[in-house]
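Taking the numbering used here, I'd label the letters of the sequence shown as residues 8 to 430. Beta carbons: idealized from backbone N, C-alpha and C, even for Gly. All remarks here apply to the structure that follows.
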Amino acid sequence: MSHNTENTAARGRANDDVEINVDEADFESGTILPRVLELLTRTASEQERQRYERFFGAASVAIERLGEIDVSGSEDEDPDNTEVTFWEKLAPVVTGTLRRVESFLDVVRNQFPITEVEQEAALDEAFDEAFSSFDGGAPGTLATQEPTDSIQETAKTLRSFCSNLTRELRSLQDSLASPSIMQDRWNLLERIGEFRGRARSAIGEMVFVAARLFAVVRKEDVVPFYKEDVDTSLALRGSISALRNRIDVQRTRLERVDAATDDASARTYVKRILDEFHGFTRTNVYRSMRAVDRRTFLEVKRELEKIAKRTLLDSREIRTSLEGLARFLDSLTLMNQRELLLTHDKESIADIERHLNATVDAVVDEKPDVARSSLALALKTGENLFGREPTFDVLLNLFTHARIDTVELPELLAMAHLIRRQL
């Protein structure tokens, strides 16, 4: 990116004094994971080692700095508050995001230079391969490929990522230059958060691609904060599922009550639902939700709060509100399509299948202790899928509370088949 483009595009229309001053020296080296340090011992020369050490260190800093946007409390501010005030609070996050991405891209360009002809030739093929899991291809396919033997091919792949991230960066800068996005704080927050998450994922993929130059590796061993991101996504999925189950209990009870004849009971159940909402918004898990989901969450909560304040409750109004709540909770299951969770779930299901196969084999061989142990391992691994599918959750809860040590071979076989059908 030229300096003119860089300085012009890094300004938001709502705050013309926001500038991005890119300085590669400002990009200090971050913590490099032990597995990556071990890989660096395989470099052919000291110069090559320093090149990759600088790349991995810069990537670690970028991934860490490109964490979730923290705007805690902003959604509860006065809706009539000026958007300029909101932008002033968000501006440091925006400038930091753009600066860190641009700085990292400069590190990659400097450490992995290639000619323009090579860049054009490699762009489509390398980017499609590296991003196959993002575009709906089989997640985790890169993890099973043999390491490449060409440093130059790796450089081409990394530069293809740079080209894509540069386009993403310019797209964000164009959005920030539009007055319309500044008129809605939630749209602004969602746009920036989306870019920040995509940039973080892309840099993680770049680390993975570079590490594969030396050996077959797993993402959690080489990509900084990958495991933490998976754990956060699993916690969010599990918490949403648990919240939905608790709210469904109160919804069922509320639907059986006629507010016109039993106002007190109706208010009790509405209050319990609101209590669940209030409790959830005070958790760290809630803060990890996408801005668009938090926005809808708060809209549903405020609608219920208005209903609860009415002198006379209306069963029809309550029913309509609950239907909207159900649709919203259903929409949150789309998080299962995130690349992180798709990869995690695929690996977990493979592990469960392996334990179930061991269970069946032990039943055939009439080894009850081995069968029970294998089934217990399958159930333990299945806990990683909690929140993925309601039917599986019910089955998992049922079997987890069963006394596996007392179950006989025929029942163990039946349980294994039931679990397999729900995967």
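- Spatial neighbours of residue 172 in its own chain (CB-CB distance under 7 Å, excluding positions within 5 residues in sequence) are listed in chain order as 108, 112, 206, 209.
- Straight-line measurement puts the Cα of residue 176 at about 34 Å from the Cα of residue 49.
- Scanning its chain for C-beta atoms nearer than 7 Å, with the 5 sequence neighbours on each side dropped, one finds around residue 383 the residues 411, in chain order.
- Per DSSP, reduced to three states, the secondary structure at residue 317 is coil, with no helix or strand assignment.
- Between residue 101 and residue 74, the alpha-carbon positions lie close to 12 Å from each other.
- Exposure of residue 54 is indicated by the presence of fewer than 16 other C-beta atoms within 10 angstroms of its C-beta.
- For residue 239, the enclosing alpha helix (DSSP H) has its first and last residue at 233-262.
- Secondary structure note for residue 422: its alpha helix (DSSP H) is the uninterrupted segment 416-429.
- Each of 347, 370, 392, 165 was checked against the Cα of residue 359, and the nearest Cα belongs to 392.
- Annotation for residue 340: no alpha helix (DSSP H) segment contains it, and DSSP assigns it neither H nor E.
- Taken atom to atom, the span from the alpha-carbon of residue 325 to that of residue 381 is near 48 Å.
- Of the residues assessed, residue 355 falls on the buried side of the cut-off, its CB having 16 or more other CB atoms within 10 angstroms.
- In terms of Cβ geometry, residue 65 and residue 214 do not form a close pair [threshold 8 Å].
- A distance of 8 Å or more separates the beta carbons of residue 275 and residue 216.
- Here DSSP, grouped into helix, strand and coil, assigns residue 185 to coil.
- For the options 245, 94, 417, 40, the alpha carbon positioned closest to that of residue 231 is the one of 40.
- The beta carbons of residue 240 and residue 345 sit about 6 Å from each other, so the pair counts as a contact at 8 Å.
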